[in-house]
Amino acid sequence: MSIEFPGLPYASDALEPHVSASTLGFHHGKHHKAYVDKLNAAIAGTTYEELPLDRIIVKAHGAADTGIYNNAAQSWNHTFLWHSMSPEGGGAPAGPLADAIDARFGDLDGFRDAFRKAALGQFGSGWAWLVRSGEGLDIVSTGNADSPVISGLFPLVTLDVWEHAYYLDYQNKRDAYVDAFLEHLINWDFAARNFEAADAL
Ligand code: MN
Numbered sequence: 607m608s609i610e611f612p613g614l615p616y617a618s619d620a621l622e623p624h625v626s627a628s629t630l631g632f633h634h635g636k637h638h639k640a641y642v643d644k645l646n647a648a649i650a651g652t653t654y655e656e657l658p659l660d661r662i663i664v665k666a667h668g669a670a671d672t673g674i675y676n677n678a679a680q681s682w683n684h685t686f687l688w689h690s691m692s693p694e695g696g697g698a699p700a701g702p703l704a705d706a707i708d709a710r711f712g713d714l715d716g717f718r719d720a721f722r723k724a725a726l727g728q729f730g731s732g733w734a735w736l737v738r739s740g741e742g743l744d745i746v747s748t749g750n751a752d753s754p755v756i757s758g759l760f761p762l763v764t765l766d767v768w769e770h771a772y773y774l775d776y777q778n779k780r781d782a783y784v785d786a787f788l789e790h791l792i793n794w795d796f797a798a799r800n801f802e803a804a805d806a807l
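Written out as structure tokens, the structure reads:
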């Protein structure tokens, strides 16, 4: 059984002008696909081949199988990223997640400030995440391929801050890319579904 390379949940030009069709086409069709292809090549004929992607991440991390871990985590992270953005994104969360945002960060601007700080503070390549931690929320950043799942956290939404995610559109201005995500792209419906799903765990 090989790991599937999933399609985008929207057209490659659907996030313009905030993420160009060129960036999204390369990011999904080249970068994401390469992680999945390398993972499938690495797990062929091994016991990993029987596992779903999330189990491969945890097992490879525990076994210090670095190549498999990195490609498995990047495969998972990118699928999660596509759903973390939406052509109808931005705005404000609703329901229980909105209450949790206010309780943890004061208000939506407080969330945005904290997320921005995490995304800009990640030195080099990595990810910024809003996570469920127990009953509450937290914001974390991870380096390279690392997933908050291996720290027992439950991801709600993520942003890729590797340069390949924004350099064609924003060059070195990671701050403008992060602001565009927070104002126009963040998929609060996806985050809310994940927040409520965490209750069932
Ligand atoms: Mn990426």
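In the numbering used here, each residue carries its 1-based index in the sequence shown increased by 606. Backbone N, C-alpha and C fix where the C-beta goes; we use that ideal spot for every residue, glycine too.
Query                                                                                 : Result
Option in A798, P615, R799 and A786 with minimal Cα separation from P623              : A786
Selected residue, minimal CA-CA separation from A706, among M607, F801, E610 and S608 : F801
Between the CA atoms of S681 and H770 - distance to the nearest angstrom              : 15 Å
Minimum length 3: unbroken beta strand (DSSP E) runs contained in the segment 733–805 : 742–749 and 760–766
A771 beta carbon near the ligand MN (any heavy atom closer than 7 Å)                  : yes
Within-8 Å CB hit, F717 to chain D                                                    : Absent here is chain D; the protein component of the structure consists of one chain.
D766 beta carbon near the ligand MN (any heavy atom closer than 7 Å)                  : yes
Identity of the residue in H638, R799 and N793 nearest E694 by Cα                     : N793
Residue interval of the alpha helix (DSSP H) (run including P702)                     : G701 to F711
Where the alpha helix (DSSP H) through H634 begins and ends                           : No alpha helix (DSSP H) holds H634; DSSP gives it neither H nor E.
Where D660 falls, given that 16 or more other Cβ within 10 Å makes a residue buried   : exposed
CA nearest to the CA of M691, picked from T653, D805 and V784                         : V784
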